[in-house]
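To start, the structure itself, in structure tokens.
Residue numbers (this note's numbering), protein chains in the order written: chain A, 1 to 657; chain B, 1 to 741.
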């Protein structure tokens with residue numbers, strides 16, 4: 001599962017809109033999926049689907065054991081703060097704890113003793129202590145002072161002043177919730193598999209099933225330099241996994257747009273997604289064979305995203321999905337006529353207006369993004385704004401720097417046109433390559449060292465800074481226009497959202513908002529490739545793939561996996577699929593059974609699930625998870641992680657030997 | 001590759017025209033076309049664009065032995081095989097019975113083919129209390145090898161072009177049916193003449209005249225036929241058909257779809273000194289060139305766009321819809337039956353129908369792919385353009401495209417009634433009605449007295465071959481047929497009213513099934529032998545009402561087919577005149593050689609590997625346990641000896657162009673050694689019947705290394721291992737073991 005690396009600096013284009021379709025309630029609720037919010041627990045839905053009636057304390061426990069980790073999810077699995085998540089989620093952070101002479105990508109990491117657990121700066125874990133529907137208490141007109149007061153009140157209620165309160169708009173802003181988090185900042189690495197095993201099958205197998213990936217890592221949460229003691233954790237299940245079992249995914253899905261209007265859908269299809277795909281294609285090509293770890297990592301992520309967007313493309317071009325939307329919308333038309341004005345018409349007009357901004361939107365896609373922009377332009381922008389943050393910009397590998405700069409210049413040239421003042425100023429009639437070389441040669445912002453050596457006046461006179469002034473002027477115009485449209489879109493979306501809530505209440509879950517959700521499902525195969533995919537895979541399949549694709553493939557196994565101990569049971573399930581509804585951000589989510597025991601860790605969807613941003617298909621969308629049985633077998637027999645195995649079985653830290 | 005998924009019968013028409021098709025590989029009756037609106041597809045079918053370019057191998061790579069593409073082989077693989085090479089390839093390969101391929105793999109007549117080709121043989125040699133299909137078979141001594149009744153294999157000895165004598169016979173004949181008839185008669189005549197000449201030389205020789213390029217060419221193939229063929233080894237069905245109907249037509253795959261036979265001479269001794277392919281114990285590698293030598297059954301690559309559009313918009317969708325309706329009935333029946341009590345015959349029919357749907361859906365997907373149609377259209381436009389350049393051809397054949405388009409229009413217009421009879425007389429429908437139809441046919445033939453007793457007996461055997469369906473299912477299936485009739489003919493149609501008597505369909509169906517004696521096979525045998533039509537069974541009235549219409553519809557369909565064949569023959573003559581033999585002819589269940597490369601492909605969002613291994617076999621066993629029995633393993637496989645290396649490649653994919661009939665073909669390296677055994681094609685290869693593509697279409701083989709490994713470590717067949725690796729025949733396993741040590 002890829003993490004979604006797109007932040008549109010100018011304005012957030014993810015607006016959330018719902019449609020009312022009274023007659024098609026069933027249809028809407030099926031295809032809108034099952035990402036239930038904890039403030040509206042799905043008592044009825046779970047009872048109906050699974051003949052199981054969890055009470056509110058069950059939901060409280062489910063909520064408290066699951067943590068949010070930047071862009072991902074995780075779960076506490078022992079009373080002593082052990083935290084499990086997906087390897088891919090924290091791969092970058094694992095690298096930061098690497099010491100001289102170590103290669104944790106190649107060898108993985110295992111802290112044999114508590115003292116060897118390594119603090120990982122940047123990994124934060126949020127526990128959701130309290131959720132509260134505060135619709136009516138807080139809206140866009142609420143002042144900052146009032147907001148602060150609400151925050152303080154909630155913190156007092158939770159009886160812990162150091163908490164962190166977030167206000168979240170649901171249903172396009174028709175509802176507002178307050179989420180009160182406790183944040184843990186001392187998180188240490190306990191065990192991570194090798195890169196090859198953690199991302200087994202590489203980019204090729206990403207977002208596919210059958211799968212054989214040990215995409216899992218263990219951390220420990222510390223409090224006051226001691227393992228965090230808690231009662232809110234999920235025990236590892238020791239019953240074998242079986243098809244038909246009911247499971248729940250608890251995690252933080254990032255975003256979905258399942259209830260947008262047809263016009264919004266078409267805008268994505270015709271304008272927005274093509275911009276994103278072009279960005280991905282150009283960067284993947286530009287970063288090819290740059291011998292630099294950062295470039296390789298970036299390219300790996302870009303390829304993952306390219307796959308996601310290829311899946312989205314299919315979904316956007318799927319006339320069935322469009323028809324679903326259109327039929328809902330026909331019914332909505334009547335409802336909105338009775339309501340206030342032609343909301344759908346307004347939304348369509350807004351999309352047309354956004355489409356008119358296609359060219360600047362493409363030219364400035366991911367503009368100045370810390371991962372995708374050249375350092376020279378980011379420094380120039382920082383200086384232009386008044387030097388704040390300019391020193392935080394690190395030097396990149398020269399090939400990477402040049403490649404990123406060329407691509408941005410090309411974006412500007414292609415989308416703004418050769419006659420545009422920005423293009424004329426930056427490229428001066430040269431090719432993007434030549435212009436990039438000229439800038440890197442002439443500007444003192446090309447490296448941190450040269451920039452430090454330059455005087456303040458030399459900086460303001462720098463060729464890149466002067467060029468940036470022109471670019472920024474242009475960018476601001478675009479940003480203002482885009483921002484204004486976004487604000488209007490939010491208003492319309494909110495009105496539509498209100499209609500939706502009136503019609504359905506919380507029977508249809510809100511679109512994902514990177515906040516904690518619980519999704520119910522069943523372990524089940526599906527029709528695939530002309531046959532049926534099995535409910536789970538085994539380690540036999542891992543070895544089959546290693547042998548089938550040969551050495552030096554994405555299915556290469558680390559050496560310790562090539563000579564397994566006799567006791568290693570190859571028939572142990574390693575990955576499995578279920579009908580729980582997940583998306584980006586759910587990676588690392590615990591999959592728990594009715595008894596709130598962990599049976600797996602969500603890592604991805606199948607290829608059919610890539611349409612999940614737009615629709616949930618009960619018959620073919622699947623969540624792919626690592627089975628706890630597979631994790632335990634590997635910890636025990638491959639990694640010799642006895643300490644961890646004991647902790648997972650006894651649910652508490654093993655005493656020091 | 002099981003293409004004979006729904007057993008359908010080609011009724012010999014009562015209206016005369018009694019010669020069966022020469023080649024009866026794919027005995028599926030062409031789907032009766034229907035006059036209805038085209039079935040709505042989810043997306044508007046994109047209009048073909050003629051901007052596409054024709055691929056060099058759109059027509060495929062099923063090369064004939066009298067015209068191998070030497071220059072291409074040299075250019076592609078840096079090899080220019082000589083005539084000896086081709087002769088060895090030809091003489092090592094065999095045609096196995098009437099539907100498969102095989103090869104000699106030892107100088108003592110040892111034969112390798114698929115398990116699924118051997119199913120009937122295995123059942124045939126099973127003795128009382130034995131279930132060899134389930135348990136597998138191995139003759140540990142030569143004397144234990146079991147003769148299979150009526151099984152023969154054929155080795156291609158020579159090919160003679162007989163086009164001119166057949167064409168000259170039909171040149172002056174007018175009328176499509178008549179022309180085709182004359183050609184078929186002439187072909188049979190040539191065949192008989194050559195056969196008697198050959199037999200005078202050698203009694204084991206057989207001659208078959210084969211139609212190529214839709215009658216554009218005719219060739220006489222002379223075969224040596226081995227009529228004493230004995231079963232040597234077959235694995236358990238669970239290995240031979242691992243993954244069952246679910247995995248059929250798919251890859252990655254983990255099947256040991258193999259079996260061994262031996263040819264014996266007239267004196268009852270193993271054949272010796274025969275040509276054969278030796279075993280490549282080190283196997284192939286990804287990227288290796290490999291050759292398939294075998295007998296592909298049929299392809300549709302010379303059809304025009306108009307024909308394909310008809311298949312796309314009418315024939316295939318309606319056939320699929322008709323099958324799906326019946327599948328739903330079977331599923332509903334099985335769903336209401338307690339677990340463990342489902343009749344095997346219903347389950348088998350269901351699997352067969354699902355497979356048929358799978359195959360048709362795969363083909364339809366190809367036709368709905370605008371890229372495929374665009375390429376076919378481009379090829380057609382080229383042909384039209386080139387045809388227009390040659391006055392003599394233009395004069396004679398210029399109207400052929402037009403005629404084919406008109407024919408498709410007639411098919412659509414003329415066959416409204418045919419919708420009533422889709423799948424009629426097949427295993428997919430009501431057994432009661434099928435038996436009634438056979439009863440009508442058999443009785444009528446007897447009354448006419450034109451058939452010989454032997455021919456009549458064949459019909460009787462076919463009629464009695466259908467197994468009983470449970471009454472509840474029969475009712476549902478009869479009702480479906482009645483609804484088909486109502487839809488096609490209209491509720492006020494006299495025939496329909498005669499059949500129902502104006503009563504509701506469901507009560508007619510339940511009444512019929514409850515009162516007929518032919519729902520039961522014993523009752524049917526009695527009625528059939530006692531004169532079915534003169535009995536008072538309620539089905540007689542029913543069949544008397546609709547059979548005449550059925551035979552009219554079928555006759556009409558047959559004459560459309562004749563005309564289409566003839567016109568396609570004209571087209572082939574044009575292609576032939578313009579381009580010669582640079583494109584191989586459509587498959588005709590005769591020996592071809594197809595080149596290819598071992599190669600994975602893009603699948604399921606990732607890449608399919610070139611090889612699978614025994615590890616994958618076990619992965620599937622454990623992964624589906626408790627969900628499905630299709631991936632079950634026999635006891636003997638659960639505890640393999642430690643010498644059994646699970647990393648051994650088990651199945652592999654290559655880009656060779658194959659079709660049904662190629663099952664059992666050897667997969668050979670450039671030195672003509674066995675590296676694999678063809679047994680199936682993947683889903684993506686199904687549209688290859690219209691246009692060959694190696695983007696994702698793949699042939700699937702059992703890897704030669706897996707065969708040897710399983711024989712050695714699991715089945716402990718020392719005799720076979722010795723013979724395959726050293727070419728030595730041992731009479732017993734003990735003898736073989738002694739030699740090895």
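Note that beta-carbon positions come from the ideal geometry of N, C-alpha and C, so glycine has one too.
Within the 9 Å Cβ cut-off, does residue 735 of chain B reach chain A?
Chain A places no beta carbon closer than 9 Å to that of residue 735 of chain B, leaving this residue out of the contacts.
Under the rule that 16 or more other beta-carbon atoms within 10 Å means buried, what is residue 394 of chain A, buried or exposed?
Under this definition residue 394 of chain A is an exposed residue.
Under 9 Å between C-beta atoms, does residue 22 of chain A make it to chain B?
Annotation note: pLDDT 33 at residue 22 of chain A (below 50); position unreliable, coordinate value reported separately. Answer no: the Cβ-Cβ gap between residue 22 of chain A and chain B never drops below 9 Å.
Are there 16 or more other CB atoms within 10 angstroms of the CB of residue 318 of chain B, so buried, or fewer, so exposed?
Looking at its Cβ environment, which holds 16 or more other Cβ atoms inside 10 Å, residue 318 of chain B is buried.
In the DSSP assignment, what residue or residues form a beta bridge with residue 166 of chain A?
Residue 166 of chain A is bridged to A/179.
Bridge partner(s) assigned by DSSP for residue 594 of chain B
DSSP output for residue 594 of chain B lists B/292 as bridge partner(s).
Kindly indicate if chain A contains any beta-carbon less than 9 Å away from that of residue 646 of chain B.
Closer than 9 Å: yes.
Residue burial classification, residue 48 of chain B (beta-carbon count within 10 angstroms, cutoff 16):
Confidence at residue 48 of chain B is low in this model, with a pLDDT of 43, below 50, so the placement of that residue is unreliable and no value is reported for it.
Let me know the secondary structure DSSP gives residue 605 of chain B once reduced to three states.
In the three-state reduction of the DSSP assignment, residue 605 of chain B falls in the coil class, being assigned neither a helical nor a strand state.
By DSSP, does residue 729 of chain B sit in helix, in strand, or in coil?
The answer is coil: DSSP assigns residue 729 of chain B none of H, G, I, E or B.
On the three-state DSSP scale, how would you describe residue 517 of chain B?
Three-state DSSP puts residue 517 of chain B in coil, outside helix and strand.
Endpoints, alpha helix (DSSP H) assigned at residue 423 of chain A
Going by DSSP, residue 423 of chain A is part of the alpha helix (DSSP H) stretching over 421-427.
Proximal chain B residues relative to residue 609 of chain A, where beta-carbon distance stays under 7 Å
Near residue 609 of chain A there are no residues of chain B at all, since even the closest Cβ is about 10 Å away, more than 7 Å.
Listing by chain order, which chain E residues have their CB less than 9 Å from the CB of residue 213 of chain B?
Of the protein chains in this structure, namely A and B, none is chain E.
is_contact[residue 207 of chain A, chain B] using C-beta, thresh 9 Å:
Yes, contact with chain B.
Around the Cβ of residue 267 of chain B, are there at least 16 other Cβ atoms within 10 angstroms (buried) or fewer (exposed)?
Exposed, because fewer than 16 other Cβ atoms sit within 10 Å of the Cβ of residue 267 of chain B.
Chain A residues whose Cβ lies nearer than 7 Å to that of residue 639 of chain B:
Result: empty, since nearest Cβ-Cβ is about 13 Å, beyond 7 Å.
Residue 73 of chain A, enclosing beta strand (DSSP E) - first and last residue:
That run of the beta strand (DSSP E) goes 72-76.
What do you get for residue 385 of chain B, buried or exposed, if any count of 16 or more other CB atoms within 10 angstroms of its CB means buried?
That one is exposed.
Cβ-based burial, residue 552 of chain A [other Cβ within 10 Å; buried from 16]:
With fewer than 16 other Cβ atoms inside 10 Å of its own Cβ, residue 552 of chain A counts as exposed.
Taking the straight line between their C-alpha atoms, what separation do you get for residue 21 of chain B and residue 97 of chain B?
Low confidence applies to residue 21 of chain B: its pLDDT is 28, below 50, so where it sits in the model is not reliable, and the reading given next is rough at best. Approximately 17 Å, taken between the alpha carbons.
6 Å Cβ shell around residue 200 of chain A - same chain, five flanking residues per side excluded:
So the list reads 212, 213, once near-sequence residues are dropped.
Can you list, in chain order, the stretches of the beta strand (DSSP E) that have 3 or more residues and sit fully within the segment 230-298 of chain A?
Counting only runs that start and end inside the segment 230-298 of chain A, the beta strand (DSSP E) elements of at least 3 residues fall at 246-251.
Residues, ordered as in the chain, of the segment 356-386 of chain B that lie near chain A by beta-carbon distance below 8 Å
From the segment 356-386 of chain B, only 358, 362 have a Cβ closer than 8 Å to chain A.
Going by alpha carbons, who is nearest to residue 90 of chain B out of B/213, B/622, B/292?
Considering only alpha carbons, the answer is B/292.
When the Cα atoms are used, what is the spatial distance from residue 133 of chain B to residue 329 of chain B?
Rounded to whole angstroms, residue 133 of chain B to residue 329 of chain B spans 29 Å at the Cα level.
Hey, quick one: how far does the beta strand (DSSP E) through residue 680 of chain B stretch, first residue to last?
Its beta strand (DSSP E) spans residues 674-681.
Count the other CB atoms within 10 Å of the CB of residue 62 of chain B; is the residue buried (16 or more) or exposed (fewer)?
Under this definition residue 62 of chain B is a buried residue.
Residue-level contact to chain A via CB, residue 620 of chain B, 9 Å cutoff
True, the Cβ-Cβ gap to chain A drops below 9 Å.
At which residue ranges does the segment 260-327 of chain B contain complete alpha helix (DSSP H) runs of 4 or more residues, listed in the order of the chain?
Secondary structure in the segment 260-327 of chain B: the alpha helix (DSSP H) runs of 4 residues or longer, each lying completely within the stretch, are 305-310 in chain order.
Collapsed DSSP secondary structure at residue 58 of chain B in the structure displayed:
Three-state result, residue 58 of chain B: coil.
Contained alpha helix (DSSP H) runs [length at least 4] in the segment 360-416 of chain B, N- to C-terminal order
Whole alpha helix (DSSP H) segments, 4+ residues: 370-389, 391-397, 400-414.
Exposed or buried, residue 52 of chain A, counting other C-beta atoms within 10 Å across all chains shown (16 or more means buried)?
Result: exposed.
May I ask which residues mark the beginning and end of the alpha helix (DSSP H) holding residue 68 of chain A?
For residue 68 of chain A, there is no enclosing alpha helix (DSSP H); the residue is part of the beta strand (DSSP E) that begins and ends at 66-69.
Assuming contact is defined by CB atoms lying nearer than 9 Å, are residue 70 of chain A and residue 589 of chain A in contact in what I supplied?
No, the pair does not count as a contact, with Cβ atoms beyond the cut-off.
Who are the Cβ neighbours of residue 312 of chain B in its own chain at under 6 Å, not counting the five residues just before and after it?
Answer for residue 312 of chain B: 367, listed in chain order.
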